[in-house]
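Residue numbers (my numbering): 34 to 385.
Think of the CB as a built atom: it goes at the ideal place given N, C-alpha and C, for glycine as much as any other residue.
Here's the structure we're looking at; comments come further down.
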Amino acid sequence: MVERKIDDYRVFTIQKRSGGNRRICSPSSTLRRVQTWIHRNILCAAGSLAKIHAASTAYAPGSSIRANAKVHTGAAWIIKIDIKDFFESISERQAYYAFRSLAYPALLSFELARLCTRIAPPRDDGAQRKRDLLWRWNNDRAKTGNPYGLVQSVGHLPQGAPTSAMLANLVFAALDVRINAIAQKHGATYSRYADDIVLSLTSGCRVECAKIFRDVTSVISHAGYRINRSKSRITPPGARKIVTGLVTNDVTPRLPREMKEDIMLSIYHIKKHGLLSHMERRKSSSPLGYLNHLIGRILFAQSIENKFGSCALNELRVAMAPYRDLLDMARMLNPKTSGSNDFTALYLLVFP
């Protein structure tokens, strides 16, 4: 892996809720164990967490989507800025300096950066930009005293690796400081959940918000990131405001009405038409996979609005009652499957 002789990732795409596909790079079981160790023992150590900006609310212990949305509840104006290809925009050179900032030796930092990055298809940044990045990285590499030879291609953080999220937070911390300074200048509140940047104001006007938007996007662009214009916007007073998927118009974050309706509609169709018939309608081929997905959405809903989530879970239990014998049989006939975390969690949630 360090010598870049193998690509130890399985690459696949999943559909985004907003449309389009997201590329996931899943490391092999061996590499995942190594990356998980790095994540737990290095990136989540107290010294590492202390370097992450307070406005960064994703992936760190105790953080959540709800906590990120909470700081923007009741705001008059919301400014949302989305970064395109966030993880792939962070290079192994930046990962190297993140490990160096944690006081690891140059050679070890180089090796750790290699273990946490992957050679990805090149971004459309222009040939000169790619040559400059490659030259800077080879120039830095020469100072590490490493025996691995010249860098031919610069790796990037793969979305799907256990280490990518915390490394991204470490790398972006300097920009968090600059963006937060812009926010404070205008009396705004700033938070960042991965690539989802939000600034909110309790008062102000569109002209001021437009200036904040320009200043922040300029800082981000000059640092080498690309703005996803289609997902970046200014939301004025009176409009529904969504932050990390939650409605923030009231004093506490709420679930979007559409999500609650979709959950209850799924349960209704299971109850009325049967599980298999409903799966055909949804073009799903795995009963356990579909149920796990639905239960996951219900549990998330319960963490935001406990009353609704508990009601939805009870309704699902009623809808699934005719299938209890089948699930019991599946547990007996296939102990290996029924012993898996997914199956056990599913069974206990539906039939406690």
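DSSP beta-bridge partners of residue i
i: HIS70; result: For clarity, residue 70 is Trp in the given sequence; the question names His instead. None; TRP70 has no bridge partner.
i: THR268; result: ILE111
i: VAL117; result: Sequence check: residue 117 is Lys here, not Val. Paired residue(s): ARG259.
i: SER142; result: DSSP lists no partner for SER142.
i: PHE45; result: ILE57
i: VAL12; result: For the chain, the structure presents residues 34 to 385; residue 12 sits outside this window and is missing.
i: VAL276; result: LEU279
i: GLN192; result: ALA194
i: LEU234; result: TRP110
i: SER124; result: HIS189
i: ARG287; result: VAL280
i: ARG151; result: HIS189
i: SER89; result: ARG225
Cβ-based neighbour list, residue i, same chain, cut-off 7 angstroms, excluding 5 preceding and 5 following
i: ASN282; result: ARG273, LYS274
i: ASN261; result: ASP115, ILE116, LYS117
i: SER343; result: GLN335
i: ASN374; result: Only weak support exists for where ASN374 lies, its pLDDT of 48 falling under 50; the value from the coordinates is given anyway. So the list is empty, once near-sequence residues are dropped.
i: VAL67; result: LEU148
i: LEU308; result: PRO320, TYR356
i: VAL35; result: GLU144, ARG147, LEU148, TYR181
i: GLY80; result: LEU135
i: GLN127; result: VAL204
i: ASP157; result: Note on ASP157: pLDDT 47, under 50, position unreliable in the model; the coordinate value appears next. Nothing meets the Cβ criterion.
i: ALA102; result: VAL276, THR277, LEU279, THR281, PRO286
i: LEU76; result: THR196, MET199, LEU200
i: GLY372; result: Residue placement at GLY372 is poorly supported in this model, since its pLDDT is 45, which falls under 50; the coordinates are not used for a value here.
i: SER236; result: ALA109
Cβ separation of residue i and residue j, assumed to be a contact under 8 angstroms, to the nearest whole Å
i: GLU338; j: ILE300; result: Rounded, the Cβ-Cβ distance is 16 angstroms, inconsistent with contact.
i: PHE341; j: ALA334; result: 6 angstroms
i: LEU85; j: ALA201; result: Note that residue 85 is Ile in the sequence shown, not Leu. About 10 angstroms; that fails the 8 angstroms criterion.
i: ALA30; j: VAL204; result: With the chain running from 34 to 385 in the structure shown, residue 30 is simply not present.
i: SER89; j: GLY257; result: That belief does not hold up - the Cβ atoms of SER89 and GLY257 are roughly 18 angstroms apart, past 8 angstroms.
i: ILE39; j: LEU148; result: Not quite, the Cβ-Cβ distance comes to about 12 angstroms (not below 8 angstroms), so this is no contact.
i: PHE120; j: SER197; result: 5 angstroms
i: ILE331; j: ALA345; result: 5 angstroms
i: LEU234; j: GLY220; result: 7 angstroms
i: ARG43; j: ILE152; result: So it is not a contact: roughly 15 angstroms between Cβ atoms.
i: PRO269; j: ARG314; result: The pair is not a contact, with the Cβ atoms about 38 angstroms apart (cut-off 8 angstroms).
Cβ neighbours of residue i in the same chain (closer than 8 angstroms, five flanking residues each side left out)
i: ARG133; result: ALA139, SER142
i: LEU82; result: ALA93, PRO94
i: ASP41; result: MET34, PRO60, SER61, THR63, LEU64
i: ASP248; result: ILE215
Contacting residues, own chain, Cβ-Cβ under 6 angstroms from residue i (five flanking each side not counted)
i: CYS242; result: TRP110, ILE112, ILE267
i: MET297; result: none
i: ARG287; result: VAL280
i: TYR323; result: MET312, SER317
i: LEU208; result: ALA256
i: PHE45; result: ILE57
i: LYS304; result: ALA352
i: LYS49; result: ARG55
The region 83-96 in contact with the region 142-154 per 3-pair CB rule at 8 angstroms: no
Cβ contact (3+ pairs, closer than 8 angstroms) linking the region 101-118 and the region 261-271: yes
Three CB pairs or more closer than 8 angstroms across the region 97-107 and the region 203-212: no
Uninterrupted beta strand (DSSP E) stretches inside the region 307-349 (no shorter than 3 residues): none
Three-pair Cβ contact test at 8 angstroms for the region 224-239 versus the region 187-194: no
Touch test, the region 56-70 against the region 192-202, Cβ-Cβ under 8 angstroms, three pairs minimum: yes
Within the region 196-232, ranges of the alpha helix (DSSP H) (whole runs, at least 4 residues): 197-218
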